[in-house]
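Please read the structure below before turning to the comments.
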Amino acid sequence: IDPMKVDEETGVLGRISDSLISKRKLNVQRFNLYNRAEILGGRLGTDPFTIDPNVGIPAFNENESIDNMISFIERLNDETEIDSGVFGELWSDILTKSLQANKLLTSAF
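Numbering-wise, this note's numbering puts 425 at position 107 of the sequence shown, and it's gapless, one number per residue.
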């Protein structure tokens, strides 16, 4: 919907995300359910990620190269040591939270 016909072929949420990307320099991702992407159309960033409710969200590392790969990654990135660098701790925290979010989202479908 573009009532002023300023930026046709884009959607309301797509224009909002374009504004966040260009003016605020934020990293924005758009998610699409049920192939209804018109509202998400924008000019900047990546195309909306489509989640097919019949398939769901892909699990992290579905084809593990070793048994219990996720457990190994979680143990490896669990607690950092007192002399760990700040970036190591930040990386471990973000990775652990991402794995937890993926597990939650994959179980929702």
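Note that beta-carbon positions come from the ideal geometry of N, C-alpha and C, so glycine has one too.
In this text the structure is predicted, and so the values were computed from the model without any measurement.
request  = Give a yes or no on whether 8 Å exceeds the smallest Cβ distance from Leu-394 to chain B.
outcome  = Structure shown: chain B not included; a single protein chain is present.
inquiry  = Which residue marks the beginning of the beta strand (DSSP E) containing Phe-349, and which one marks its end?
reply    = 349 to 351
ask   = Could you give the distance in angstroms between the alpha-carbon of Asp-396 and the alpha-carbon of Thr-328?
value = 43 Å
query = Nearest CA to the CA of Ala-426: which residue from Gly-374, Phe-405 and Asn-345?
reply = Gly-374
Proximity to Gly-332 [Cα-Cα], best of Glu-356, Leu-344, Arg-342 and Lys-341 = Glu-356
inquiry  = Going by DSSP in three states, Phe-367 sits in which element: helix, strand or coil?
reply    = strand
task = Can you have a look at Pro-283 and say buried or exposed, based on whether 16 or more other CB atoms are within 10 angstroms of its CB?
result = Residue numbering for the chain in the displayed model covers 319 to 427; residue 283 lies beyond these limits and cannot be assessed.
Short Cβ contact (8 Å threshold) for Asp-336 with Leu-362 = yes
ask   = Roughly how many whole angstroms lie between the Cα atoms of Leu-394 and Glu-380?
value = Their Cα atoms are separated by approximately 19 Å.
request  = Measure the alpha-carbon distance for Arg-342 versus Ile-400 and round it to whole angstroms.
outcome  = Between Arg-342 and Ile-400, the alpha-carbon positions lie close to 35 Å from each other.
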